[in-house]
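Enquirer:
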Amino acid sequence: MRFYRPVGPVKAMTFDLDDTLYDNGPVIRAAEATLKNHISEHHPRTAALSPGQWHHIKQTLLDAEPRLSSDMGRWRMQTLQQALTHDIDDETEVKKAAKVCFDCFYTARSNFVLTDEMHQTLAKLARRLPLIGITNGNVDTEATGLSRYFSQVLHASIERPMKPSRAMFDEAVTLLNIPAHEILHIGDNLEKDVYGAIAAGLQSAWYAYNRKMIMRQEHVRVLPHIELDSLEELVTLL
Numbered sequence: 004m005r006f007y008r009p010v011g012p013v014k015a016m017t018f019d020l021d022d023t024l025y026d027n028g029p030v031i032r033a034a035e036a037t038l039k040n041h042i043s044e045h046h047p048r049t050a051a052l053s054p055g056q057w058h059h060i061k062q063t064l065l066d067a068e069p070r071l072s073s074d075m076g077r078w079r080m081q082t083l084q085q086a087l088t089h090d091i092d093d094e095t096e097v098k099k100a101a102k103v104c105f106d107c108f109y110t111a112r113s114n115f116v117l118t119d120e121m122h123q124t125l126a127k128l129a130r131r132l133p134l135i136g137i138t139n140g141n142v143d144t145e146a147t148g149l150s151r152y153f154s155q156v157l158h159a160s161i162e163r164p165m166k167p168s169r170a171m172f173d174e175a176v177t178l179l180n181i182p183a184h185e186i187l188h189i190g191d192n193l194e195k196d197v198y199g200a201i202a203a204g205l206q207s208a209w210y211a212y213n214r215k216m217i218m219r220q221e222h223v224r225v226l227p228h229i230e231l232d233s234l235e236e237l238v239t240l241l
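Residues in the sequence shown are numbered consecutively from 4, following this note's numbering.
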């Protein structure tokens, strides 16, 4: 544990999820492969689209509604709907097929198991103080078993701009009814989590599950209050 800023009282914590509590990269790659296999089996013309064509669909949607960048689920669903018109003419059937494809991806995207150590640490923390999840992603916290530790999980959306926007941090502060400076946010991304939390008035802790934490190799706008070697150190901190 390394301290870069003075740390005040901590009466609640907020957590990033992806790459903070588990390695999200392999999970997403496996989910993408599962979706690709499903599309190949059921929608051959859509499966034949090139990466460039998929990118064009996504970018066209984003140009029309820039806020989609904060809502990964909605952006993916609309992308699938556009792509599947290569196989399906009826609008209602396109929406049904897109929902099946999306569910295929979403189930695989949330199909992983947290380590026993992570469960134990989150359980210890949850017994001591309130926890809220704040994520730019759309992982199913019920399926992964994460929901038992958090009083709320806030997912970025069109209505909730993604971190480093302060929108979800401010919402967490309101839900907790605790002054922002007495809340510690833990996350792997020095821009989205650390900078975002500090800009919103929270304290911040930097911890990355998915990679070696070498600060000179990261994009840094501000230093965190604390750099952690393991999340178990949060128990010690309390």
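Each residue gets a CB set at the ideal place from its N, CA and C atoms; glycine is no exception.
Source: prediction; values computed, not measured.
1. What's the gap between the Cα of E235 and the Cα of L128?
2. Among L83, A51, I91, V13, whose alpha-carbon lies nearest the alpha-carbon of Q62?
3. Leaving aside the five residues before and after L132 along the sequence, list all residues of the same chain whose C-beta is less than 8 Å from its C-beta, in chain order.
4. Terminal residues of the continuous beta strand (DSSP E) containing S207?
5. Nearest by alpha-carbon distance to F18: which of L134, S154, E221 is it?
6. How far does the alpha helix (DSSP H) with F18 in it reach, from first residue to last?
7. Do G136 and L149 have their C-beta atoms within less than 8 Å of each other?
8. Drop a sphere of 10 angstroms on the beta-carbon of D196, count the other beta-carbons inside from all chains shown, and report buried for 16 or more, exposed for fewer.
9. If you drop the 5 nearest sequence neighbours on each side, which residues of the same chain put their C-beta closer than 7 Å to that of I91?
10. When the distance is taken between beta carbons, is A111 closer than 8 Å to A200?
11. Here's a check: name, in chain order, each residue in its chain whose Cβ is nearer than 7 Å to the Cβ of S43, leaving out the five neighbours to either side.
12. Taking just the CA atoms, how far does H228 sit from A175?
13. Mark E93 as exposed unless 16 or more other C-beta atoms lie within 10 angstroms of its C-beta, in which case mark it buried.
14. Going by alpha carbons, who is nearest to G160 out of T124, I189, E68?
15. Can you tell me which of the three DSSP states R214 falls into?
16. Have a look at T23 and D191 and give me their C-alpha separation to the nearest angstrom.
17. Measuring straight from C-alpha to C-alpha, what distance separates I186 and Q206?
18. To the nearest angstrom, report how far apart T37 and R163 are at their CA atoms.
19. Quick check on D74: buried or exposed, where buried means 16 or more other Cβ atoms within 10 Å of its Cβ?
20. Going straight from the alpha carbon of H46 to that of T88, what length do you get?
21. With distance defined between alpha-carbon atoms, name the residue in V10, R8, V238 nearest to E130.
22. Tell me whether M218 is buried or exposed, calling it buried when 16 or more other Cβ atoms sit within 10 Å of its Cβ.
23. Under a Cβ-count criterion, where at least 16 other Cβ atoms within 10 Å of its own Cβ denotes burial, should F6 be classed as buried or exposed?
24. What do you get for M243, buried or exposed, if any count of 16 or more other CB atoms within 10 angstroms of its CB means buried?
25. Do D21 and T144 have their C-beta atoms within less than 8 Å of each other?
Expert: Let me lay it out:
1. On the sequence shown, residue 235 is found 232 positions in, with the first residue counted as 1. On the sequence shown, residue 128 is found 125 positions in, with the first residue counted as 1. Each residue's alpha carbon lies about 9 Å from the other.
2. Taking the first residue of the sequence shown as position 1, residue 62 is located at position 59. Checked all of L83, A51, I91, V13; the closest Cα to Q62 is L83.
3. Here residue 132 refers to the residue found at position 129 of the sequence shown. V13, K14, A15, M16, L241.
4. Within the sequence shown, residue 207 is the residue found at index 204, counting from 1. In this chain, the beta strand (DSSP E) harbouring S207 covers 206-209.
5. As a first step, residue 18 is located in the sequence shown; it is residue number 15 there, counting from the start. Taking F18 as reference, the option from L134, S154, E221 with the minimal CA-CA separation is L134.
6. Start at 1 with the first residue of the sequence shown, and residue 18 comes out as number 15. According to the DSSP assignment, F18 belongs to no alpha helix (DSSP H) but to the beta strand (DSSP E) extending over 15-18.
7. If you number the sequence shown from 1, residue 136 lands on position 133. If you number the sequence shown from 1, residue 149 lands on position 146. In this structure, G136 places its C-beta atom within 8 Å of the C-beta atom of L149.
8. On the sequence shown, residue 196 is found 193 positions in, with the first residue counted as 1. Buried: at least 16 other Cβ atoms inside 10 Å.
9. For the purposes of this step, residue 91 is taken as the residue at position 88 of the sequence shown. Taken in chain order, the residues that qualify are V97, A100.
10. On the sequence shown, position 197 is the one that residue 200 refers to. On the sequence shown, position 108 is the one that residue 111 refers to. Their beta carbons are not under 8 Å apart, which means A200 does not touch A111 by this criterion.
11. For the purposes of this step, residue 43 is taken as the residue at position 40 of the sequence shown. So the qualifying residues of the chain are A50.
12. Within the sequence shown, residue 175 is the residue found at index 172, counting from 1. Within the sequence shown, residue 228 is the residue found at index 225, counting from 1. Distance between the alpha carbons of A175 and H228 is about 19 Å.
13. Locating residue 93 in the sequence shown gives position 90, counting from the first residue. What sits at residue 93 in the sequence shown is Asp, not Glu. So D93 counts as exposed.
14. By one-based count along the sequence shown, residue 160 stands at place 157. The sequence shown places Ser at residue 160, not Gly. When the alpha-carbon of S160 is set against those of T124, I189, E68, the nearest one is in E68.
15. Position 211 of the sequence shown, counting from 1, holds the residue named residue 214. DSSP places R214 in coil when its eight states are reduced to three.
16. One-based indexing of the sequence shown puts residue 23 at position 20. One-based indexing of the sequence shown puts residue 191 at position 188. Taking the Cα positions, T23 is about 5 Å away from D191.
17. Start at 1 with the first residue of the sequence shown, and residue 186 comes out as number 183. Start at 1 with the first residue of the sequence shown, and residue 206 comes out as number 203. Between the alpha carbons of I186 and Q206 lies a gap of roughly 6 Å.
18. Here residue 37 refers to the residue found at position 34 of the sequence shown. Here residue 163 refers to the residue found at position 160 of the sequence shown. Roughly 28 Å separates the two Cα atoms.
19. The sequence position of residue 74 within the sequence shown is 71, counting from 1. Buried, because 16 or more other Cβ atoms sit within 10 Å of the Cβ of D74.
20. Here residue 46 is taken as the residue at index 43 of the sequence shown, counted from 1. Here residue 88 is taken as the residue at index 85 of the sequence shown, counted from 1. Spanning the two alpha carbons is a distance of roughly 10 Å.
21. As a working mapping, residue 130 is identified with position 127 in the sequence shown. The sequence shown places Arg at residue 130, not Glu. Closest by alpha carbon: V238.
22. Residue mapping note: residue 218 aligns to position 215 of the sequence shown, counting from 1. With fewer than 16 neighbouring CB atoms inside 10 Å of its own CB, M218 falls in the exposed class.
23. Here residue 6 corresponds to residue number 3 of the sequence shown, with the count starting at 1. So F6 ends up on the exposed side.
24. No information on residue 243 is available, as it lies outside the stretch 4 to 241 that the chain covers here.
25. For the purposes of this step, residue 21 is taken as the residue at position 18 of the sequence shown. For the purposes of this step, residue 144 is taken as the residue at position 141 of the sequence shown. No. Outside cutoff.
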